[in-house]
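2 protein chains.
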Amino acid sequence: MKRQLPSIEEFMPHMAYDSVIFGFNGKQLKILVLEYHNTGYFALPGGFVRRDENVDDAVKRSLRERTGLEDIYLEQFHTFGNTSRAEPDVMRQILEANDYEIEEWHWMLDRFVSIAYYALINYNEVEPQPDELSDSINWYALDELPLLMMDHRQIVERALQSLQENLEKKLVGINLLPSKFTMKELQEVYEAILGEDLRRTTFQRKMLGMDILVRHEKLFTGGAHKAPYLYSFKHNGISKA
Amino acid sequence: MKRQLPSIEEFMPHMAYDSVIFGFNGKQLKILVLEYHNTGYFALPGGFVRRDENVDDAVKRSLRERTGLEDIYLEQFHTFGNTSRAEPDVMRQILEANDYEIEEWHWMLDRFVSIAYYALINYNEVEPQPDELSDSINWYALDELPLLMMDHRQIVERALQSLQENLEKKLVGINLLPSKFTMKELQEVYEAILGEDLRRTTFQRKMLGMDILVRHEKLFTGGAHKAPYLYSFKHNGISKA
DNA sequence: CATTTATTGTCTCAATATGTTACAATAATA
DNA sequence: TATTATTGTAACATATTGAGACAATAAATG
Chain A
1 MKRQLPSIEE FMPHMAYDSV IFGFNGKQLK ILVLEYHNTG YFALPGGFVR RDENVDDAVK
61 RSLRERTGLE DIYLEQFHTF GNTSRAEPDV MRQILEANDY EIEEWHWMLD RFVSIAYYAL
121 INYNEVEPQP DELSDSINWY ALDELPLLMM DHRQIVERAL QSLQENLEKK LVGINLLPSK
181 FTMKELQEVY EAILGEDLRR TTFQRKMLGM DILVRHEKLF TGGAHKAPYL YSFKHNGISK
241 A
Chain B
242 MKRQLPSIEE FMPHMAYDSV IFGFNGKQLK ILVLEYHNTG YFALPGGFVR RDENVDDAVK
302 RSLRERTGLE DIYLEQFHTF GNTSRAEPDV MRQILEANDY EIEEWHWMLD RFVSIAYYAL
362 INYNEVEPQP DELSDSINWY ALDELPLLMM DHRQIVERAL QSLQENLEKK LVGINLLPSK
422 FTMKELQEVY EAILGEDLRR TTFQRKMLGM DILVRHEKLF TGGAHKAPYL YSFKHNGISK
482 A
């Protein structure tokens, strides 16, 4: 008994989204990558937009499903619209490997324009869940990505670039950390995103000078040295644009 | 004899683009706005994407048609994807006023996701041409815009914001000026975009310090004062990202 | 033709911001 | 109690930007 594919009645054709979901494990910046069943194809989490659904909501829906998290920092950064964004043979393989019934032609084999978002989440709060088509969803460091489908590699690169550009403008780094963190952890997030080392004293001065951090109790890690303070961000909740 | 609407065979449904075309008249930043025949509706220049066409190319095609210019500085800045982006009654009115034949329902009355771009052109080089649905296309200063259809006003605001953010990163201001210009003209472009006055000496020092300008002969305007130098940009042509 | 006017190009000094080094203040450990 | 590996902050040097001053014009004025 073959499964039924989502119907074109429900979704807008030619329209998709992809999410680059960033997390920080304390050392490296990582992203979530899906592996499709039995095919060896890797891809970014993505999906289609319902006909009665805002694009942003479609993306949030899928982020909830993949991560279980409710309020996620999300930023749309580019829409990829080249005609080359179609790989019907690959798509057919994936669908067949998932035991879907495919007619001669199906809308999911068509050309897609993809609206791309990046999300920032707290690595440790999450138990990622694969989607219907996938065996697994795993964290990959940016310099250890598997070969990704289609133009997903370029999508990741562009996401990182946008994240870097927004790092100063918005208080973006926050969203990759737990609510309380040390100055060192914050610095490590910045270094991972920018891909360069920062000077400790300058960084600390700048962050404190911005007047956006609240200082809390000290964190006694058990190390043979002065204990660092914990900080949190002043304004509550998600720092969405 | 009614005219025929573009066929859905040619275009992707639910998918559109809009362009915010900026020009600078020497004093103000302006944008091009269309007025639809006999309806009093104003809108941004936009269009649909052919099934076999890159989105970027669709936008360039329409820019050529509206402006006659070939190489235009163009930047995609956001995709607007809310379900509220549909006004079937208004759209029907516009089409009827243009003497198009409309069946019960038509794909152009549907919800659209719009991929938005901004363009920078040389105000004086252009003789704007209205599209099929429009009586006129005219320059409007940003603070004297007519009431625009749908969410086009928000699109303009977001375009301006992106332009402001890109002003420092890229050498964007260039594209609004003729190939040779004075330092004062360049400063006026920056001021119009940023919406604030800049300090003359600091601006000049910064621009010259960037090492991107070539100094040419002086410009004798006939004013009772020292003649300014003309400058052009070092690297040739369009400074696309 | 000398004088006046408005603007331009450049310099200087002041005010900020950032880079760099130094050092005292810890928590654990030996 | 001394040692170790940080952390928080201060101090100084350097770089960047803000602000004002001023000489060098093109034309207009008389």
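Protein sequence lines correspond, in order, to chains A and B. Using my numbering, the letters of the first sequence correspond one by one to residues 1 to 241. Using my numbering, the letters of the second sequence correspond one by one to residues 242 to 482. Glycine is no exception: its CB is placed at the ideal position from the N, C-alpha and C atoms. On a predicted model such as this, the values are computed, not experimentally measured, just so you know.
Here the C-alpha atom of Val-331 (chain B) lies approximately 13 Å from the C-alpha atom of Trp-346 (chain B). Between the C-alpha atoms of Ala-468 (chain B) and Ala-360 (chain B) there is a straight-line separation of about 32 Å.
For Gln-76 (chain A), the neighbours in chain B by C-beta distance under 8 Å run, in chain order, His-319 and Thr-320. In terms of beta-carbon proximity, Ile-193 (chain A) stays away from the interface with chain B, with every pair separated by 8 Å or more.
Residue-level contact check: Ile-8 (chain A) does not touch chain B, since none of the beta carbons of chain B fall below 8 Å from its beta carbon.
Along the segment 134 to 158 of chain A, there is no position whose C-beta sits under 8 Å from a C-beta of chain B. Just so you know, the alpha carbons of Pro-387 (chain B) and Phe-283 (chain B) end up roughly 7 Å apart.
Between the segment 267 to 274 of chain B and the segment 374 to 381 of chain B there are three or more C-beta pairs closer than 8 Å, enough to call the two in contact.
Within chain A, Gly-81, Asn-82 and Thr-83 have C-beta atoms less than 7 Å from the C-beta of Asn-295 (chain B), given in sequence order.
Pairing Glu-406 (chain B) with His-37 (chain A), the inter-Cα distance amounts to about 42 Å.
Inclusion of Arg-352 (chain B) and Thr-320 (chain B) in the CB contact set at 8 Å is not warranted, their separation being larger than that value. Here the alpha carbon of Pro-130 (chain A) sits roughly 26 Å from the alpha carbon of Val-172 (chain A).
Look at Pro-329 (chain B) here: in three-state DSSP terms it is helix. Within chain A, the C-beta atoms nearer than 7 Å to that of Ile-356 (chain B) come from Thr-79 and Gly-81, in chain order.
Excluding residues up to 5 positions away in sequence, Asn-339, Asp-340, Tyr-341 and Glu-342 lie with their Cβ nearer than 8 Å to the Cβ of Arg-244 (chain B) in the same chain. The three-state secondary structure of Tyr-359 (chain B), taken from DSSP, is strand. Between Tyr-17 (chain A) and Ala-116 (chain A), the beta carbon gap of about 7 Å places them in contact (Cβ cut-off 8 Å).
Classified as buried, His-255 (chain B) has 16 or more neighbouring CB atoms from the shown chains inside 10 Å of its CB. Around the Cβ of Val-214 (chain A), a 10 Å sphere holds fewer than 16 other Cβ atoms; the residue is exposed.
Contact of Met-91 (chain A) with chain B is not assigned, every C-beta pair being separated by 8 Å or more.
In the assembly as shown, Gly-40 (chain A) is an exposed residue. Its beta-carbon has fewer than 16 other beta-carbons within 10 Å.
Annotated three-state conformation of His-319 (chain B) is strand, per DSSP. Using a 10 angstroms sphere on the CB of Thr-221 (chain A), the tally of other CB atoms stays under 16, which defines it as exposed.
Taking the CA atoms as reference points, Leu-404 (chain B) sits about 28 Å from Ala-192 (chain A). Taking C-beta atoms as the reference points, Ile-8 (chain A) and Ile-121 (chain A) fail to come closer than 8 Å. Counting only residues of its own chain and dropping the five nearest sequence neighbours on each side, Leu-439 (chain B) has a CB closer than 7 Å to the CB of Gln-428, Tyr-431 and Glu-432. Nearest in C-alpha terms to Lys-425 (chain B), of all of B:Arg-441, B:Leu-310, B:Ala-465 and B:Lys-411, is B:Arg-441. The criterion of a C-beta distance shorter than 8 Å is satisfied by Gly-264 (chain B) and Tyr-364 (chain B). DSSP places Asp-57 (chain A) in the helix class (H, G or I) of the three-state scheme. In summary, the residues of the segment 254 to 278 of chain B whose CB is separated from some CB of chain A by less than 8 Å are Pro-254, His-255 and Met-256, in the order they occur in the chain. If you ignore the 5 residues before and after Ala-327 (chain B), its C-beta comes within less than 6 Å of the C-beta of Arg-352, all in its own chain and listed in chain order. Apart from the 5 residues on each side of it in sequence, Arg-302 (chain B) has no Cβ closer than 7 Å to any other Cβ in its chain. For Asn-407 (chain B), the enclosing alpha helix (DSSP H) stretches over residues 393 to 410. Shown here for Phe-444 (chain B): same chain residues with a beta carbon closer than 6 Å to its own, the five before and five after excluded, namely Gln-428 in chain order.
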